[in-house]
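Asks: Can you read through this structure? Questions will come right after.
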Amino acid sequence: MADGAAVGVAGADASVTTEAAASHARERKAPLTERAIEAFLWSCGVLSLFTTAGIVVSLAYESWLFFRTVPLSAFLFDTEWTPLFADKHFGIWPLLAGTFLTSLIAVVVALPAGILAAIYLSEFADPRMRRVLKPALELLAGVPTIVYGYFALVLVTPLLQSFVPGLSGFNALAPGICMGIMIIPMISSLSEDAIFAVPNSLREGAYALGAGRLATILRVVLPAAMSGIAAALILAVSRAVGETMIVAIAAGQQPRLTLDPRVPLETMTAYIVQVSMGDTPADTLEYRTIFAVAATLFVLTFAMNLVSHRLSRRFRVAAH
Amino acid sequence: MLTSTRRRLLYERLFVWLCASAVVIPLLILALLVGNVAIAGAGRIDWAFLTGYPSRRAANAGILPALVGSFAMIAITGIFALPIGVGAAIYLEEYGARRRLAGIIEVNIANLAGVPSIIYGMLGLGVFVRLLGLGRSLIAGGATMALLVLPVVIVSAREALRTVPYGMREACFGLGATKWQSIRQVVLPMAAPGILTGTILAVARAIGETAPLVVIGALAYVTFLPTSPTSQFTALPIQIFNWVSRPQEAFVVNAAAGIVVLLATMFVLNLAAILLRNRLQKRVH
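Chains as they are written, first to last, in our numbering: chain A, 544 to 863; chain B, 173 to 457.
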């Protein structure tokens, strides 16, 4: 409290006692330093708007230059992606397919594990257990993605090759599985919030009707938490779609329109890495392809994040 | 023959075990993988590795430029992200209540937190590297990372500010303090442990980020130490990426050793953040 006593009475009004009066006084005749500081704080806040604007403008500008040469129809309807070859094709579908497949594998791993983990943490684990397990689970998302990339390429792929016939050294399966492990905490922590937000009266109602714990969880609690779980799922998919290093290391660099998880392919993010690692000069068409791909990636993930926020707000409102 | 009640209890018990295994099995897998990489890499770590420069021969290669580059970069990240993040948090928490702009900023920050890190790399490439002409420098990398971690810093700083009871501010006003005086002399010191912890955790995460650095063009083969913020640089994850991408077994061992150093660094930073919080909290309360 020494700090509080040290506050001087140098302010404009020594007699103000409430925040309303203080802000009223500030509006009337705030000292210059106060106004300068408020302007600085304001600009810190507004910087985030400039960040978003910067992302949109820089992606849009280079993409616009790209689409002046390559028609949008070729981007959307061609089925080959070979901008670095002599015979150039600019169809985004092979990259989209690669992104879709690796993300799908990740979700197949993470969704059941995430929901079951959320049920365990919110319904079964005693508080002491929960205090240990919850941060431990968060560790899965804290490991750098470059490390998961190493796991996928050096450890998981050779292991899978011993029982998946025809699995190539680069493939969608191993990075997909590693990505899945990484996004488990994302699904479990949002799902846990949603399950926690289900009013206890619903559980008590189910017990009163003679339902057991299992039936209560599966038939009452989970359906009631569905919008929150959906929000978690969409957020996790968005993270998987934007995930870069795991797929760049372990999925290969061959754009391929396939849903076969055993062969090398390329995701949108891995393509951006491939071009960035090379020596493609700026202001060429090849260089601009990464902006068109990044714009596609940004629009996709942004749309998913928006839907997820809407859904999670709905369950938060419903819970109150 | 089981009665229906006993069968139900059996199913319930099985279900609890299933749920528990969904927590434990992924953790075991992670432990197994990390243990494996530690065994593969630990033997390669010695003084020569930590203080050596990259080499075309795996056995001679070291990580000193990458290590120095990573630390210099996150220092720059912290220098940008801490004041700006805390400033934005103060604006939103203390000044912005019920203002429309604050609401817009809040939604915007939530959206930025979901933008893939590689997109921040594109932003850094477009704005810092090319538009501002900073080139593939430390400061371009640090500034890009600062934008990337800002949403996290802002959210944790806001949480820390919210833990300061409102009565403390009112007491300040009662003593005649202006709004900024109350924030600077009472609210910020009380919130400092939370703010610092959150910032260190966010910056510790940035040290493992690879994708934005690849895009802005941090080099993989750097045989010098950065001398100024405008030096070209490499970073630990970039060096690991380079090594793991090579077919020779010896370089993959180097990658494993690099991963051990990276994970150890992150662990130490996280530990430091927690110890710092505990220490400062005792002093303030």
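We put the CB at the ideal spot given by N, CA and C, even for glycine.
Are there 16 or more other CB atoms within 10 angstroms of the CB of Y338(B), so buried, or fewer, so exposed?
Replies: If you number the second sequence from 1, residue 338(B) lands on position 166. Y338(B) comes out exposed.
Asks: Compute the distance between the beta-carbons of P401(B) and I246(B), then report whether it is under 8 Å.
Replies: Working through the second sequence from its first residue, we reach residue 401(B) at position 229. Working through the second sequence from its first residue, we reach residue 246(B) at position 74. No. Outside cutoff.
Asks: What's the gap between the Cα of L297(B) and the Cα of L303(B)?
Replies: On the second sequence, position 125 is the one that residue 297(B) refers to. On the second sequence, position 131 is the one that residue 303(B) refers to. One C-alpha to the other measures close to 8 Å.
Asks: Could you tell me which whole alpha helix (DSSP H) segments of length 4 or greater appear in the stretch 193 to 241 of chain B?
Replies: Whole alpha helix (DSSP H) segments, 4+ residues: 219 to 223.
Asks: Applying the criterion that 16 or more other CB atoms from any shown protein chain within 10 Å of the CB defines a buried residue, is S309(B) buried or exposed?
Replies: Here residue 309(B) refers to the residue found at position 137 of the second sequence. So S309(B) ends up on the buried side.
Asks: Looking at the unbroken alpha helix (DSSP H) that takes in V651(A), where does it start and where does it end?
Replies: Numbered from its first residue, the first sequence carries residue 651(A) at position 108. Unbroken alpha helix (DSSP H) run through V651(A): 636 to 662.
Asks: Tell me which residues of the stretch 233 to 265 of chain B have at least one Cβ-Cβ distance to chain A shorter than 7 Å, keeping chain order.
Replies: Those residues of the stretch 233 to 265 of chain B that come within reach of chain A (Cβ to Cβ, closer than 7 Å) are I256, G259, A260, I262, Y263, L264.
Asks: Rounding to the nearest angstrom, what Cα-Cα distance links A203(B) and M672(A) in this structure?
Replies: Here residue 203(B) corresponds to residue number 31 of the second sequence, with the count starting at 1. Here residue 672(A) corresponds to residue number 129 of the first sequence, with the count starting at 1. Rounded to whole angstroms, A203(B) to M672(A) spans 19 Å at the Cα level.
Asks: Within 10 Å of its beta-carbon, does M769(A) have 16 or more other beta-carbons around it, so buried, or fewer, so exposed?
Replies: On the first sequence, position 226 is the one that residue 769(A) refers to. It is exposed - the Cβ of M769(A) has fewer than 16 other Cβ atoms within 10 Å.
Asks: Using only the alpha-carbon positions, how far apart do H852(A) and L776(A) sit?
Replies: Counting from 1 along the first sequence, the entry for residue 852(A) is found at position 309. Counting from 1 along the first sequence, the entry for residue 776(A) is found at position 233. Going by the C-alpha atoms only, they are around 11 Å apart.
Asks: Starting from R330(B), follow the alpha helix (DSSP H) in both directions and report where the run begins and ends.
Replies: On the second sequence, residue 330(B) is found 158 positions in, with the first residue counted as 1. Where R330(B) is concerned, the enclosing alpha helix (DSSP H) stretches over 310 to 334.
Asks: Determine which residues share a DSSP beta bridge with W624(A) and list them.
Replies: Along the first sequence, one-based indexing puts residue 624(A) at 81. DSSP output for W624(A) lists F633(A) as bridge partner(s).
Asks: What residues in its chain sit with their C-beta under 7 Å from that of L380(B), if we drop five residues either side in the sequence?
Replies: Within the second sequence, the letter at position 208 stands for residue 380(B). It should be pointed out that residue 380(B) corresponds to Gly in this sequence rather than to Leu. For G380(B), where only same-chain residues beyond five positions count, the Cβ hits under 7 Å are P409, L434, M438.
Asks: Output yes if chain A places a C-beta closer than 8 Å to the C-beta of A335(B); else output no.
Replies: For this step, residue 335(B) is matched to residue 163 along the second sequence. A small fix is needed here, since residue 335(B) is Thr in this sequence, not Ala. No, its Cβ sits nowhere closer than 8 Å to a Cβ of chain A.
Asks: Pick out the complete alpha helix (DSSP H) segments inside the stretch 368 to 456 of chain B, 4 residues or longer, and give them in chain order.
Replies: 383 to 388, 408 to 416, 421 to 456, all fully within the stretch 368 to 456 of chain B.
Asks: Please confirm whether L435(B) has its beta-carbon closer than 8 Å to some beta-carbon of chain A.
Replies: What you label residue 435(B) is simply residue 263 of the second sequence in a count that begins at 1. So yes, L435(B) belongs to the interface.
Asks: With V741(A) and V764(A) assumed to form a contact (beta carbons below 8 Å), what rounded beta-carbon distance in angstroms separates them?
Replies: The residue you call residue 741(A) lines up with position 198 of the first sequence. The residue you call residue 764(A) lines up with position 221 of the first sequence. That belief holds up - the Cβ atoms of V741(A) and V764(A) are roughly 5 Å apart, short of 8 Å.
Asks: Can you tell me the Cα-Cα spacing of A603(A) and A825(A), whole angstroms?
Replies: On the first sequence, position 60 is the one that residue 603(A) refers to. On the first sequence, position 282 is the one that residue 825(A) refers to. So the alpha carbons of these two residues sit roughly 16 Å apart.
Asks: Which residue wins for smallest C-alpha separation from A684(A), given the options G709(A), I580(A), C721(A)?
Replies: Locating residue 684(A) in the first sequence gives position 141, counting from the first residue. Nearest option by C-alpha distance: C721(A).
Asks: Have a look at E342(B) and A349(B) and give me their C-alpha separation to the nearest angstrom.
Replies: As a working note, residue 342(B) is residue 170 in the second sequence. As a working note, residue 349(B) is residue 177 in the second sequence. Answer to the nearest angstrom: the Cα atoms are 9 Å apart.
Asks: Take L654(A) and list the residues in its own chain whose beta-carbon comes closer than 8 Å to its own, dropping the five residues that flank it on each side.
Replies: Position 111 of the first sequence, counted from the first residue, corresponds to residue 654(A). Excluding sequence neighbours, L654(A) sits near I730, L776, A779.
Asks: Tell me where the alpha helix (DSSP H) around D736(A) begins and ends.
Replies: Against the first sequence, residue 736(A) aligns to sequence position 193. Residues 716 to 739.
Asks: Using CA coordinates, which residue listed in I217(B), G370(B), A214(B), P226(B) is at the minimum distance from V394(B)?
Replies: The sequence position of residue 394(B) within the second sequence is 222, counting from 1. If we check each option's Cα against that of V394(B), P226(B) comes out closest.
Asks: Between V196(B) and T700(A), what straight-line distance do the alpha-carbon atoms span, to the nearest angstrom?
Replies: As a first step, residue 196(B) must be located in the second sequence, where it is residue number 24. As a first step, residue 700(A) must be located in the first sequence, where it is residue number 157. The alpha-carbon atoms of V196(B) and T700(A) are separated by roughly 22 Å.
Asks: In the DSSP assignment, the alpha helix (DSSP H) including S819(A) goes from what residue to what residue?
Replies: Within the first sequence, numbered from 1, the residue matching residue 819(A) stands at position 276. Here the alpha helix (DSSP H) through S819(A) covers 811 to 820.
Asks: With DSSP run on the structure shown, which of helix, strand or coil describes R185(B)?
Replies: As a first step, residue 185(B) must be located in the second sequence, where it is residue number 13. DSSP places R185(B) in helix when its eight states are reduced to three.
Asks: Please go through the same chain and pick out, in chain order, the residues whose beta-carbon is closer than 7 Å to the beta-carbon of V329(B), but skip the five residues on each side of it.
Replies: Locating residue 329(B) in the second sequence gives position 157, counting from the first residue. Note on identity: in this sequence residue 329(B) is Ala, with Val being the wrong assignment. G257, V258, A261, I367, G370.
Asks: Going along chain A, which residues have a C-beta under 9 Å from A214(B)?
Replies: On the second sequence, position 42 is the one that residue 214(B) refers to. Under the 9 Å cutoff, chain A gives no residues; its nearest Cβ is about 15 Å from A214(B).
Asks: At the 8 Å Cβ level, is V690(A) part of the contact set with chain B, yes or no?
Replies: Position 147 of the first sequence holds residue 690(A). Yes, V690(A) lies at the interface with chain B (some Cβ there is under 8 Å from its Cβ).
Asks: Would the beta-carbon of I431(B) fall within 8 Å of that of V690(A)?
Replies: Within the second sequence, residue 431(B) is the residue found at index 259, counting from 1. Within the first sequence, residue 690(A) is the residue found at index 147, counting from 1. For I431(B) and V690(A), yes; Cβs fall inside 8 Å.
Asks: Please state whether the Cβ-Cβ distance between L710(A) and A194(B) is less than 8 Å.
Replies: One-based indexing of the first sequence puts residue 710(A) at position 167. One-based indexing of the second sequence puts residue 194(B) at position 22. No, the Cβ-Cβ distance between L710(A) and A194(B) is not below 8 Å.
Asks: If you compare alpha carbons, which of T827(A), A838(A), D822(A), T787(A) is closest to E809(A)?
Replies: Looking up residue 809(A) in the first sequence gives position 266. Ranking T827(A), A838(A), D822(A), T787(A) by Cα distance to E809(A) puts T787(A) first.
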